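Chemist: Residue numbers (the working numbering): 399 to 1130. For glycine and all other residues, C-beta sits at the position ideal for the given N, C-alpha and C. Computed from a predicted structure; not experimentally measured. Can you keep this structure in mind? I'll have questions shortly.
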Ligand code: GLA
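Below, the structure written as structure tokens:
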């Protein structure tokens, strides 16, 4: 059992292979956080808990004589607002009498083998390996608001999940204004944070900053996890590198508006509070009701950021993604979007499929434009029936013809959206989110459907169900092309309007779950204008997500590298597109585009009729190579490598198979310069004593030499070159 409780000291110890998490109930029933970090055996970390009288930091009533004890500096498991902790609160509620303070004290706990699950929200699944659950109940004896803190300990995976359920055990309604999923205090050892910010077409760029005595807050108010700030932060210190030092990950399993606050207090303690975005949020909890916060995935790595990424890659592959899709190569697809945008008909799509087959792809995906009156982005969203003007014989027939070519068929949908110019909106204008008496904010000419409504969800399910019943569809791309605004539901009473954004997310999850249960073999690729909803919550339902609308291979180097800090490559939809690229107008070699896209769920998104015979040949080879290297890339260990010797800008990454007999190394140049030093990298994760044969050069070099002496490449020249080395050792 990975969970222990020391009765005498009232201390909890959660232990994973390489980490320990400790908490303690103090003599007044407050639950103090003691330690999270590298394994320390059975040491009671309470000795690190020091107190001193810090001015203007008041004391809980029971501690009047002990001025050192203050909520304001004490490491807490789940901080609350209003009772003397002036740092970020995890919980803030208002009681019926207007009191806004909450003071949680220990009431009970239990632990058991196995993992708790959440109703209506995504969660890390138990699947393989040992998992134990600790539940601690805290309660405010005055307001009778209780918080059930749950901890899932994934022993072999070095992961601890956390969530909090807030229950109203009083006789009156309570308004929850903030309920975070996690509060984590670090008295020592954390001085920097890394967040993943970006924008449409340039998502998840790591931003590392030193913490000052302030509160840094990142997040999204867009009703989606967003292109702008991923619901994931890393805490570390100035000694942490890719391969050494402490790193802590806090990843929310949530796809809506979120907030991560990292605050350093007067005493140098660092606190992270992460959960649903509180701005605009308010949830009315009637007596006896409970509010479930989303789950957080925590991990600790003592071997730097690569170690932390490995922990996340493993847990997402093995415990977040539906295991039906784990390790199963998704078909290499050709997507119609950048090939023809809205401009197609039945014949041109069929021709595209014929060419897709000739290239060696395995599925034709018909993107936006096939439904309703959809000829551009002004109309049609919501009308999920085929546009027979464009596709005369209908979709069922087209899909059959494509299947007859030996290809699978995929279809694009954007269920949560509606155009004003649609039959759906004309029939149900109240189904869109909008404020009474105010023109709604529009984006891409579309409004957002009120997913909190059951009738909306039922309509959408019936549309998707009909498509899936009537047409042979092997894959769906589920898009979401705007941020949410005017989050007002025509169906909810005024005092519940603060619930809309969260109910929206719950509505989407429940629709996805219903589809998953009805069509368990259907592969859904998530998408939100590229990677605007790339999060562990969506990955629970959609095992891969379109990583970015930017398909430029050089931009993708940084987008995919940034994404790799938290998410494995198998989750990243990644396509080879035309040159010059449609987003950046940059020209890149087809080989570079192939190598970059092959480090993800590979697809093509171009018009094959514009390709030369040589390029077509190259694509056929790329696909064969991708299929051959699939398990090495998608199931292997991923490493970010840094090449600094050449003085040019390069991105380097490596995969190593589980038995460490095989590796694949990619080095790509963002720029080149004449007469530079030889690009040089030290490889990682190899066996010291094994001798590896390099496929591309025939060289035979030991693992120790490649890792400690490194490897030097030819000087990079030309437009955006990318070099790949495949290493194989004789099996043991
Ligand atoms: C979004 C997606 C694109 C494409 C378009 C279609 O932007 O990210 O890949 O599907 O929508 O409108």
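How far does the alpha helix (DSSP H) with residue 990 in it extend, from its first residue to its last?
Modeler: Taken as a continuous stretch (DSSP letters only), the alpha helix (DSSP H) holding residue 990 covers 988-996.
Chemist: For residue 1012, count neighbouring C-beta atoms within 10 Å of its own C-beta (all shown protein chains included) and say buried if the count is 16 or more, exposed if not.
Modeler: Exposed, because fewer than 16 other Cβ atoms sit within 10 Å of the Cβ of residue 1012.
Chemist: Please report the distance separating the alpha-carbon of residue 955 from that of residue 429.
Modeler: If you take the alpha carbons of residue 955 and residue 429, they lie about 44 angstroms apart.
Chemist: Taking DSSP as the reference, what is the three-state secondary structure of residue 807?
Modeler: Here residue 807 sits in strand by DSSP.
Chemist: Determine the direct distance from the alpha carbon of residue 409 to that of residue 598, and round the result to whole angstroms.
Modeler: For residue 598 and residue 409, the distance between alpha carbons rounds to 46 angstroms.
Chemist: Consider the C-beta atom of residue 879 and the heavy atoms of ligand 1; say whether any pair is separated by less than 7 angstroms.
Modeler: Checking the Cβ of residue 879 against ligand 1 gives yes.
Chemist: Measuring alpha carbon to alpha carbon, tell me which residue in 568, 801, 720 and 747 is nearest residue 788.
Modeler: Looking at the Cα atoms, 747 is the closest of the given residues.
Chemist: Just how far apart, CA to CA, sit residue 542 and residue 567?
Modeler: In a straight line, the C-alpha of residue 542 is about 5 angstroms away from that of residue 567.
Chemist: Can you tell me whether residue 928 sits near ligand 1, meaning its C-beta is under 7 angstroms from at least one heavy atom of the ligand?
Modeler: Yes, Cβ of residue 928 sits closer than 7 angstroms to a heavy atom of ligand 1.
Chemist: Is residue 818 helix, strand or coil when you go by DSSP?
Modeler: In this structure, residue 818 counts as coil in the three-state DSSP scheme.
Chemist: Cα-Cα, which of 888, 794 and 820 is closest to residue 835?
Modeler: That would be 888, whose Cα lies nearest to the Cα of residue 835.
Chemist: So, helix, strand or coil for residue 1040, using DSSP?
Modeler: Looking at residue 1040 - three-state DSSP - the assignment turns out to be coil, as it is neither helix nor strand.
Chemist: Rounded to a whole number of angstroms, what is the C-alpha to C-alpha distance between residue 878 and residue 929?
Modeler: Each residue's alpha carbon lies about 10 angstroms from the other.
Chemist: Ignoring anything shorter than 4 residues or poking outside the stretch 951-980, list the alpha helix (DSSP H) runs there in chain order.
Modeler: Those alpha helix (DSSP H) runs which fall completely within the stretch 951-980 and span 4+ residues are 951-962.
Chemist: Out of 1100, 1051, 999 and 1075, which has the shortest C-alpha to C-alpha gap to residue 1059?
Modeler: Comparing Cα-Cα distances from residue 1059 to each of 1100, 1051, 999 and 1075, the minimum goes to 1100.
Chemist: Helix, strand or coil for residue 679? Go by DSSP, reduced to three states.
Modeler: If DSSP states are grouped into helix, strand and coil, residue 679 belongs with coil.
Chemist: For residue 572, which option in 531, 628, 491 and 644 has the closest C-alpha, if you only look at C-alpha atoms?
Modeler: Ranking 531, 628, 491 and 644 by Cα distance to residue 572 puts 491 first.
Chemist: State the Cα-Cα distance for the pair residue 1094 and residue 1110, rounded to the nearest angstrom.
Modeler: If you take the alpha carbons of residue 1094 and residue 1110, they lie about 14 angstroms apart.
Chemist: List in chain order: all unbroken beta strand (DSSP E) runs of 3+ residues lying wholly within the stretch 804-892.
Modeler: Runs found: 806-811, 815-817, 844-846 and 873-876.
Chemist: Since residue 531 and residue 512 should fall inside the 8 angstroms C-beta cutoff, what is the C-beta to C-beta distance between them, to a whole number of angstroms?
Modeler: Correct: roughly 6 angstroms between the Cβ atoms.
Chemist: Identify the continuous beta strand (DSSP E) that holds residue 673 and give its terminal residues.
Modeler: Unbroken beta strand (DSSP E) run through residue 673: 668-674.
Chemist: Roughly how many whole angstroms lie between the Cα atoms of residue 615 and residue 749?
Modeler: Those two C-alpha atoms are separated by around 50 angstroms.
Chemist: Could you tell me whether any non-hydrogen atom of ligand 1 is closer than 7 angstroms to the CB of residue 944?
Modeler: Yes.
Chemist: Shortest alpha-carbon distance to residue 562 belongs to which of 873, 461, 579 and 971?
Modeler: The shortest Cα separation from residue 562 among 873, 461, 579 and 971 belongs to 579.
Chemist: Below 8 angstroms, can you find three or more Cβ-Cβ pairs linking the stretch 547-560 to the stretch 456-468?
Modeler: Because the criterion of three Cβ pairs below 8 angstroms is not met, the stretch 547-560 and the stretch 456-468 do not touch.
Chemist: May I ask which residues mark the beginning and end of the alpha helix (DSSP H) holding residue 660?
Modeler: Not the alpha helix (DSSP H): residue 660 falls in the beta strand (DSSP E), residues 656-662.
Chemist: What does the Cβ neighbour count give for residue 741, buried or exposed, with the cut at 16 atoms within 10 Å?
Modeler: By the 10 Å Cβ count, residue 741 comes out exposed.
Chemist: In the DSSP assignment, find the unbroken alpha helix (DSSP H) run with residue 908 in it and report its ends.
Modeler: Note, residue 908: alpha helix (DSSP H), 898-916.
Chemist: Can you check DSSP and say which residues form a bridge with residue 1071?
Modeler: DSSP, once it has assigned bridges, lists no residue as partnering residue 1071.
Chemist: Is there at least one non-hydrogen atom of ligand 1 closer than 7 angstroms to the beta-carbon of residue 947?
Modeler: Within the cutoff, so yes.
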